[in-house]
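**Q**
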Amino acid sequence: MITTSIKRRTLLGAGLAGASMLAMPSVLRAQDKSLKVGVYGGYFKTSFDKNIFPEFTKATGIAVESIAEPTGEAWLVQLEQAARAGQAPADVSMMSQVAMLKGQSTDLWTPIDMAKIKNSSNLLDRFVNKYPDGRIAGIGAVSWYITLVTNTDVYKEAPTSWSAFWDPANADKLGLLALVSNSFLLEVTAKTFLGGTNALDTEEGLLKAFEKLAEVKPNVRLWYRDEAQFEQSLKSGEIPMGQYYHDVTGLAAADGNPVRSTFPKEGGIQDSGCWALSRASQKSEEAHIFIDYMCQPSIQATLSRKVGTSPTVKREVTDLTDKEFAAVSSDIEPIVPRYDLYQSKSDWLNQKWTELIVG
Amino acid sequence: MRREPPQTLGDYAPLLFPAAMLTIFFVVPFGTMIAVSFFQRQQGGFYTPAFVFDNYARFLSAFFGGVLGFSLLLAITVAICCVVLALPFTYMLTRMARKVQVVWLVALLSILSLSEVIIGFAWSTLFSRTAGITNILVALGIMSEAKALTPSFGAVLTGMVYQAFPYTVLVLFPALVRLDPTLTEAARTLGASPLKAFFTVVVPALRNTITATLIMVFIFALGSYLLPQLLGRPQHWTLSVLITDQAIYQSNMPFAAAMAVFLVLVTLGLVALTVIAGRKGEAA
Amino acid sequence: MSGLALQNVVKEFGSFRAVNNVDLNVPHGTFVCMLGPSGCGKTTLLRMIAGLDLPTGGAIRLDGDDITHVPTHKRNLGMVFQSLALFPHLTVGENIAYPLRIRGAAKEDQKKRVDELLSMIHLTGYADRPVAKLSGGQRQRVAIARALAISPKLFLLDEPLSALDAKLREAMQVELRQLQQKLGITTIVVTHDQREAMTMADTVVVMNGGEIRQAASPIEIYRRPADSFVADFIGQTNLLEVQADSTGRVEVLGQPIAGLALPAGASKGTLSVRPEDVHLTAPGAGALTGKVTFVRDLGGTIETFVDIAGRQIVAVSTPRARPDVTVGQEVGIALTPDVCVVLKK
Numbered sequence: 004m005i006t007t008s009i010k011r012r013t014l015l016g017a018g019l020a021g022a023s024m025l026a027m028p029s030v031l032r033a034q035d036k037s038l039k040v041g042v043y044g045g046y047f048k049t050s051f052d053k054n055i056f057p058e059f060t061k062a063t064g065i066a067v068e069s070i071a072e073p074t075g076e077a078w079l080v081q082l083e084q085a086a087r088a089g090q091a092p093a094d095v096s097m098m099s100q101v102a103m104l105k106g107q108s109t110d111l112w113t114p115i116d117m118a119k120i121k122n123s124s125n126l127l128d129r130f131v132n133k134y135p136d137g138r139i140a141g142i143g144a145v146s147w148y149i150t151l152v153t154n155t156d157v158y159k160e161a162p163t164s165w166s167a168f169w170d171p172a173n174a175d176k177l178g179l180l181a182l183v184s185n186s187f188l189l190e191v192t193a194k195t196f197l198g199g200t201n202a203l204d205t206e207e208g209l210l211k212a213f214e215k216l217a218e219v220k221p222n223v224r225l226w227y228r229d230e231a232q233f234e235q236s237l238k239s240g241e242i243p244m245g246q247y248y249h250d251v252t253g254l255a256a257a258d259g260n261p262v263r264s265t266f267p268k269e270g271g272i273q274d275s276g277c278w279a280l281s282r283a284s285q286k287s288e289e290a291h292i293f294i295d296y297m298c299q300p301s302i303q304a305t306l307s308r309k310v311g312t313s314p315t316v317k318r319e320v321t322d323l324t325d326k327e328f329a330a331v332s333s334d335i336e337p338i339v340p341r342y343d344l345y346q347s348k349s350d351w352l353n354q355k356w357t358e359l360i361v362g
Numbered sequence: 067m068r069r070e071p072p073q074t075l076g077d078y079a080p081l082l083f084p085a086a087m088l089t090i091f092f093v094v095p096f097g098t099m100i101a102v103s104f105f106q107r108q109q110g111g112f113y114t115p116a117f118v119f120d121n122y123a124r125f126l127s128a129f130f131g132g133v134l135g136f137s138l139l140l141a142i143t144v145a146i147c148c149v150v151l152a153l154p155f156t157y158m159l160t161r162m163a164r165k166v167q168v169v170w171l172v173a174l175l176s177i178l179s180l181s182e183v184i185i186g187f188a189w190s191t192l193f194s195r196t197a198g199i200t201n202i203l204v205a206l207g208i209m210s211e212a213k214a215l216t217p218s219f220g221a222v223l224t225g226m227v228y229q230a231f232p233y234t235v236l237v238l239f240p241a242l243v244r245l246d247p248t249l250t251e252a253a254r255t256l257g258a259s260p261l262k263a264f265f266t267v268v269v270p271a272l273r274n275t276i277t278a279t280l281i282m283v284f285i286f287a288l289g290s291y292l293l294p295q296l297l298g299r300p301q302h303w304t305l306s307v308l309i310t311d312q313a314i315y316q317s318n319m320p321f322a323a324a325m326a327v328f329l330v331l332v333t334l335g336l337v338a339l340t341v342i343a344g345r346k347g348e349a350a
Numbered sequence: 007m008s009g010l011a012l013q014n015v016v017k018e019f020g021s022f023r024a025v026n027n028v029d030l031n032v033p034h035g036t037f038v039c040m041l042g043p044s045g046c047g048k049t050t051l052l053r054m055i056a057g058l059d060l061p062t063g064g065a066i067r068l069d070g071d072d073i074t075h076v077p078t079h080k081r082n083l084g085m086v087f088q089s090l091a092l093f094p095h096l097t098v099g100e101n102i103a104y105p106l107r108i109r110g111a112a113k114e115d116q117k118k119r120v121d122e123l124l125s126m127i128h129l130t131g132y133a134d135r136p137v138a139k140l141s142g143g144q145r146q147r148v149a150i151a152r153a154l155a156i157s158p159k160l161f162l163l164d165e166p167l168s169a170l171d172a173k174l175r176e177a178m179q180v181e182l183r184q185l186q187q188k189l190g191i192t193t194i195v196v197t198h199d200q201r202e203a204m205t206m207a208d209t210v211v212v213m214n215g216g217e218i219r220q221a222a223s224p225i226e227i228y229r230r231p232a233d234s235f236v237a238d239f240i241g242q243t244n245l246l247e248v249q250a251d252s253t254g255r256v257e258v259l260g261q262p263i264a265g266l267a268l269p270a271g272a273s274k275g276t277l278s279v280r281p282e283d284v285h286l287t288a289p290g291a292g293a294l295t296g297k298v299t300f301v302r303d304l305g306g307t308i309e310t311f312v313d314i315a316g317r318q319i320v321a322v323s324t325p326r327a328r329p330d331v332t333v334g335q336e337v338g339i340a341l342t343p344d345v346c347v348v349l350k351k
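Protein chains in written order, with our numbering: chain S, 4 to 362; chain W, 67 to 350; chain H, 7 to 351.
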């Protein structure tokens with residue numbers, strides 16, 4: 004969800020977050036053509052303003068006004084309401100997968116003309132967001148992994164499977180994300196024990212997943228909303244195992260902290276955001292140019308190197324070295340969250356989840 | 067000077083400012099919240115104006131009843147702990163030299179300037195296995211092995227009492243300063259040890275102040291939502307945590323509003339009960 | 007020895023000596039008034055007797071036992087504070103019963119004793135009233151009754167009547183003295199009101215600068231003041247410088263007075279003459295001669311101000327012995343040795 008990314012990125016962006024939240028327009032160089040782009044506030048906006056947008060303007064002559072998106076689903080609500088009035092606070096916006104689905108229900112997104120996205124052939128299939136009738140609602144913008152992380156002082160051997168969470172030997176040692184919609188632990192449970200996330204199609208399957216997940220509770224020391232708390236505890240070994248962001252863990256390890264991120268054999272959790280075009284936007288042409296530009300393997304590689312995101316394009320078309328690729332991604336097939344569930348069953352899931360961990 | 071009842075509309079003018087403040091900062095937001103609590107939730111982040119009881123119906127369950135009960139119990143425990151600790155402390159403080167008082171009060175005020183997040187992180191470090199106070203006990207040979215004291219109910223309670231303690235002292239301080247010091251001296255000459263004098267004279271003479279302080283700390287503690295998350299297990303999460311979850315993470319404003327309204331009503335009810343009980347006690 | 011004894015008691019607050027080497031014996035059943043200007047150390051002395059302040063030096067004995075370091079609540083005393091310190095959360099009856107309750111007395115015994123005390127202070131039937139509803143005089147009596155509830159060995163009062171108006175104060179003085187005589191309890195009252203002291207006390211202790219200047223019966227203090235401070239503080243007096251010449255003859259304002267002698271070896275001194283002892287005579291007939299500067303006729307007494315060589319002397323007479331003088335007139339003043347007190351220097 005949006006919240007997840009923003010919290011995390013805000014944290015990384017530290018002091019800059021506050022300033023960028025004010026939605027200040029960025030450098031406007033070319034006068035004739037321009038595009039308003041909504042980006043998660045904080046770290047993402049800062050990184051894009053620095054590493055991506057100036058190059059884009061140089062290459063295409065289209066000026067970019069970047070807009071910091073607020074937390075929660077407020078941005079979706081704003082886009083929706085503005086579109087009804089024929090306004091577009093941003094032409095292209097970076098949207099969470101759940102927000103994409105919600106926008107689809109009101110036809111908020113202008114279908115993307117794939118003929119104009121020459122680089123679309125590079126894309127991994129899962130990064131093409133489609134309406135139920137097959138129209139293209141959005142194109143993958145950024146993605147990142149949540150993986151199994153451990154403290155290397157406490158765990159000499161890296162665990163190989165998510166099932167480590169269920170190991171009675173790890174009692175009171177785990178730090179897990181506190182919300183059903185940002186931890187994706189139901190998907191992890193389904194993939195690890197129930198044969199795949201399709202098991203969550205039915206309510207019966209969901210209940211089975213909850214039941215299995217309940218067995219993890221005695222092992223959990225911390226259900227965290229605040230990432231800093233878990234990261235600190237992981238580094239110190241206070242809470243030596245858990246789920247966390249792959250790239251941030253990698254950076255911490257590079258700084259000499261005794262931590263490691265492991266892609267379990269069931270795969271890491273891959274969350275992502277899409278570029279989507281508001282139906283009220285008059286800049287369809289520029290928007291397509293922008294999205295196409297962002298789909299270039301070289302740009303995706305730049306994002307991996309500078310921002311720490313996992314590429315949305317196939318690995319072989321990028322020039323990333325093995326080491327660079329491993330820092331942000333893995334060849335193991337990822338666990339892709341069942342975003343549809345968080346749209347159709349969000350209150351039910353939330354209630355069950357809260358009862359599970361609080362009860 | 068005689069006090070005349072207000073004659074013209076103009077005589078009510080001095081009331082306008084506080085009335086406006088009350089309206090802007092209390093009546094309007096609370097009214098909005100009540101209104102939203104009856105709105106229809108659209109799954110997926112939106113809501114539409116309506117008049118439905120679904121949000122309240124969802125709340126009326128054993129699960130939320132349990133969370134509400136725990137929140138109230140926690141807040142009451144925090145209030146009692148704070149007053150039990152702060153009353154003797156403040157009493158002794160008022161009997162110290164002016165200079166010492168100033169130092170203490172400045173120290174307490176500086177705790178007030180700490181945010182809930184800082185307090186939470188400080189205590190979770192102090193209570194941790196790797197860097198916490200148990201390491202000192204191990205070094206002193208009192209404990210054999212360092213262990214984590216958080217997350218636990220004790221940790222939540224400690225953090226919240228620590229946070230509310232300065233408020234408690236600052237509320238009690240003026241009343242204790244005004245308390246005639248010869249009252250305790252009189253009690254001593256009449257045969258009461260200093261401890262007995264404190265309990266038979268100071269505490270009963272300050273009964274109203276103590277009740278008011280208990281209520282204030284109780285309400286203060288009821289709003290706490292960060293410390294239970296930072297220092298407690300999920301079963302120690304208060305209703306405020308769940309309200310935050312609904313409002314911020316689930317975008318379920320109607321349900322969050324319904325829970326908040328319910329919390330406010332229960333709180334007001336408890337405060338009213340306390341006040342009525344206090345009146346009765348006084349009359350008896 | 008039965009009674010209270012203060013031995014060399016010293017109290018210092020930092021470098022300030024509030025009470026300086028006080029020695030005092032208060033025999034059992036005596037009513038003592040400690041009298042002095044504010045800051046003279048009398049209240050500090052009382053608080054040390056009560057145990058509310060600890061002496062820096064010396065000892066306090068009660069019936070022969072050293073109680074210097076016995077905590078207040080174990081001294082079994084009764085004390086009335088200037089503020090009265092009635093407990094606002096308790097009724098009249100509960101206030102009076104407090105010392106009994108603290109000592110674990112049975113409920114019936116408490117009630118019996120409270121009724122006794124209420125009748126003693128003429129407030130029968132007031133037991134259930136809140137103290138806030140009482141008048142000043144009634145509160146005063148309740149404070150006294152509470153202090154006497156356990157029949158203490160020692161009854162201490164700190165400026166107990168200062169909050170009352172003049173008339174009520176005078177009545178309470180008499181009442182307090184009569185009560186004390188009836189109970190035969192050793193009582194110490196701190197006051198700055200000399201009238202109060204003279205009314206009630208067996209012994210008046212005059213203090214100044216942390217020291218006892220004189221401790222004696224009221225009449226002794228009045229008639230034979232030990233020094234000029236006492237003479238001046240207690241009642242009105244005329245203080246006159248005196249000198250002895252080489253033959254031992256004593257002169258006042260340059261005029262010899264027959265039969266007056268200074269202590270052996272002293273050549274200078276101060277003479278105290280109470281105004282009522284100053285008799286006006288015809289000019290030249292008395293020992294001194296002066297001029298009338300003012301006559302104050304108060305009805306009950308008449309004060310005549312006489313100027314002698316720049317010094318003012320006051321004479322007080324009753325209307326019956328009203329002197330026939332007017333302002334500006336020359337008068338004589340008779341001074342006989344029996345009315346003159348030569349003060350220690």
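Each residue gets a CB set at the ideal place from its N, CA and C atoms; glycine is no exception.
#1: By DSSP, does W:Phe83 sit in helix, in strand, or in coil?
#2: Taking the continuous beta strand (DSSP E) assigned at H:Ser278, which residues delimit it?
#3: Which of the three DSSP states is assigned to H:Asn14 in this structure?
#4: How long is the line joining the alpha carbons of W:Val307 and W:Ile90, rounded to whole angstroms?
#5: Less than 9 Å between CB atoms is the rule here; does W:Ser306 satisfy it with respect to chain S?
#6: Between the Cα of S:Arg282 and those of S:Asp110, S:Leu79, S:Asp350 and S:Glu358, spot the shortest distance and give me the residue it belongs to.
#7: Suppose contacts are defined by Cβ-Cβ distances below 9 Å. Is H:Met213 in contact with H:Val195 by that definition?
#8: Tell me whether S:Gln285 is buried or exposed, calling it buried when 16 or more other Cβ atoms sit within 10 Å of its Cβ.
#9: Can you look up S:Ala217 in the DSSP assignment and give me helix, strand or coil?
#10: Is the Cβ of W:Pro115 closer than 9 Å to any Cβ of chain S?
#11: Skipping 5 residues on each side, what residues in its chain have a beta carbon closer than 7 Å to that of S:Arg32?
#12: Using DSSP's beta-bridge definition, name the partner residues of H:Glu336.
#13: Any C-beta of chain W sitting closer than 9 Å to the C-beta of S:Ser186?
#14: Would you say S:Gly240 faces chain W, with C-beta separation under 9 Å as the test?
#15: Under a Cβ-count criterion, where at least 16 other Cβ atoms within 10 Å of its own Cβ denotes burial, should S:Lys39 be classed as buried or exposed?
#16: For S:Leu151, count the other beta carbons within 10 Å of its own beta carbon; 16 or more makes it buried, fewer makes it exposed. Which is it?
#17: As a quick exercise: from S:Leu254, S:Pro92, S:Leu209 and S:Thr155, pick the residue whose alpha carbon is nearest that of S:Met244.
#18: Please name the residue, chosen from H:Arg81, H:Gly84, H:Cys346 and H:Asn101, that lies closest to H:Tyr228 on a Cα-to-Cα basis.
#19: Would you call the CB atoms of H:Thr36 and H:Thr192 closer than 9 Å?
#20: Would you list the residues sitting across from W:Met162 in a DSSP beta bridge?
#21: Go through its chain and collect everything with a Cβ distance to H:Gln88's Cβ below 8 Å, but skip five positions before and after it.
#22: When you compare only the Cα positions, how much space is there between S:Phe293 and S:Thr63?
#23: Is the segment 166-180 of chain S touching the segment 204-222 of chain S in the sense that three or more CB pairs, one from each, lie closer than 8 Å?
#24: Per DSSP, what kind of secondary structure is H:Thr342 in: helix, strand or coil?
#25: Output, in sequence order along the chain, the residues in the segment 238-254 of chain W whose CB is closer than 8 Å to any CB in chain H.
#26: Compare the C-beta of S:Gly362 against all C-beta atoms of chain W and say whether one is closer than 9 Å.
#27: Determine the chain W residues that contact H:Ala65 at a beta-carbon separation under 9 Å, and present them in chain order.
#28: Could you work out which residue in H:Ala91, H:Ala56 and H:Asn82 is closest to H:Thr74 when comparing CA atoms only?
#29: Taking CB distances under 9 Å as the criterion, tell me whether H:Ser157 reaches chain W.
#30: Pick from S:Arg87, S:Thr265 and S:Ser96: whose alpha carbon is nearest that of S:His291?
**A** Once the coordinates are examined:
#1: For the purposes of this step, residue 83 of chain W is identified with residue 17 of the second sequence, where counting begins at 1. Correct three-state label for W:Phe83: helix.
#2: In the third sequence, counting from the first residue as 1, residue 278 of chain H sits at position 272. Note, H:Ser278: beta strand (DSSP E), Lys274 to Val279.
#3: If you number the third sequence from 1, residue 14 of chain H lands on position 8. Three-state DSSP puts H:Asn14 in a strand.
#4: Walking along the second sequence from the start, residue 307 of chain W turns up at place 241. Walking along the second sequence from the start, residue 90 of chain W turns up at place 24. Between the alpha carbons of W:Val307 and W:Ile90 lies a distance of about 26 Å.
#5: As a working note, residue 306 of chain W is residue 240 in the second sequence. Not one beta carbon of chain S lies nearer than 9 Å to the beta carbon of W:Ser306.
#6: As a working mapping, residue 282 of chain S is identified with position 279 in the first sequence. Taking only the C-alpha atoms, the option nearest S:Arg282 is S:Asp110.
#7: Counted from its first residue, the third sequence places residue 213 of chain H at position 207. Counted from its first residue, the third sequence places residue 195 of chain H at position 189. Their beta carbons are not under 9 Å apart, which means H:Met213 does not touch H:Val195 by this criterion.
#8: For the purposes of this step, residue 285 of chain S is taken as the residue at position 282 of the first sequence. Classified as exposed, S:Gln285 has fewer than 16 neighbouring CB atoms from the shown chains inside 10 Å of its CB.
#9: Taking the first residue of the first sequence as position 1, residue 217 of chain S is located at position 214. It is helical.
#10: Position 49 of the second sequence, counted from the start, is the residue given in the question as residue 115 of chain W. So no, W:Pro115 is outside the interface.
#11: Locating residue 32 of chain S in the first sequence gives position 29, where the first residue counts as 1. Since pLDDT at S:Arg32 reaches only 43, below the 50 mark, its modelled position is unreliable, and the value read off the structure follows with that caveat. Cβ within range, chain order: Thr60 and Ala66.
#12: Numbered from 1 along the third sequence, position 330 holds the residue referred to as residue 336 of chain H. In the DSSP output, where bridge partners are listed per residue, H:Glu336 has H:Lys297.
#13: Taking the first sequence and counting its residues from 1, the one referred to as residue 186 of chain S is at position 183. It does not; no Cβ of chain W falls within 9 Å.
#14: Here residue 240 of chain S is taken as the residue at index 237 of the first sequence, counted from 1. Yes, S:Gly240 counts as interfacial toward chain W.
#15: For the purposes of this step, residue 39 of chain S is taken as residue 36 along the first sequence, with counting starting at 1. The residue is buried, with at least 16 neighbouring Cβ atoms inside 10 Å.
#16: The residue given as residue 151 of chain S occupies position 148 in the first sequence. Counting Cβ neighbours within 10 Å, S:Leu151 comes out buried, since at least 16 surround it.
#17: Here residue 244 of chain S refers to the residue found at position 241 when the first sequence is read from its first residue. Of S:Leu254, S:Pro92, S:Leu209 and S:Thr155, the residue nearest in Cα terms is S:Thr155.
#18: The residue given as residue 228 of chain H occupies position 222 in the third sequence. When only C-alpha atoms are compared, the closest one is H:Cys346.
#19: The count along the third sequence starts at 1 and reaches residue 36 of chain H at position 30. The count along the third sequence starts at 1 and reaches residue 192 of chain H at position 186. In contact: H:Thr36 and H:Thr192 (Cβ atoms closer than 9 Å).
#20: Along the second sequence, read from residue 1 onward, the residue named residue 162 of chain W stands at position 96. Answer by DSSP bridge pairing: none, since W:Met162 is not bridged.
#21: Indexing the third sequence from 1 puts residue 88 of chain H at position 82. Once the five neighbours on either side are set aside, the close Cβ partners of H:Gln88 are Asp164, Glu165, Pro166, Ser168 and Ala169.
#22: Position 290 of the first sequence, counting from 1, holds the residue named residue 293 of chain S. Position 60 of the first sequence, counting from 1, holds the residue named residue 63 of chain S. When the Cα atoms are used, S:Phe293 and S:Thr63 turn out to be separated by approximately 9 Å.
#23: With the cut-off at 8 Å, the segment 204-222 of chain S and the segment 166-180 of chain S touch.
#24: By one-based count along the third sequence, residue 342 of chain H stands at place 336. Assigned with DSSP and collapsed to three states, H:Thr342 falls in coil, not helix or strand.
#25: Answer set for the segment 238-254 of chain W: Asp246, Thr248, Leu249, Glu251, Ala252, Ala253 and Arg254.
#26: The sequence position of residue 362 of chain S within the first sequence is 359, counting from 1. Yes - at least one Cβ of chain W is within 9 Å of the one on S:Gly362.
#27: The count along the third sequence starts at 1 and reaches residue 65 of chain H at position 59. For H:Ala65, there are no C-beta contacts with chain W under 9 Å, since the nearest C-beta of that chain is about 20 Å from it.
#28: The count along the third sequence starts at 1 and reaches residue 74 of chain H at position 68. Measuring from the Cα of H:Thr74, the nearest candidate turns out to be H:Ala56.
#29: Position 151 of the third sequence, counted from the start, is the residue given in the question as residue 157 of chain H. Cβ-Cβ to chain W under 9 Å: no for H:Ser157.
#30: As a first step, residue 291 of chain S must be located in the first sequence, where it is residue number 288. Between S:His291 and the set S:Arg87, S:Thr265 and S:Ser96, the nearest pair of CA atoms involves S:Ser96.
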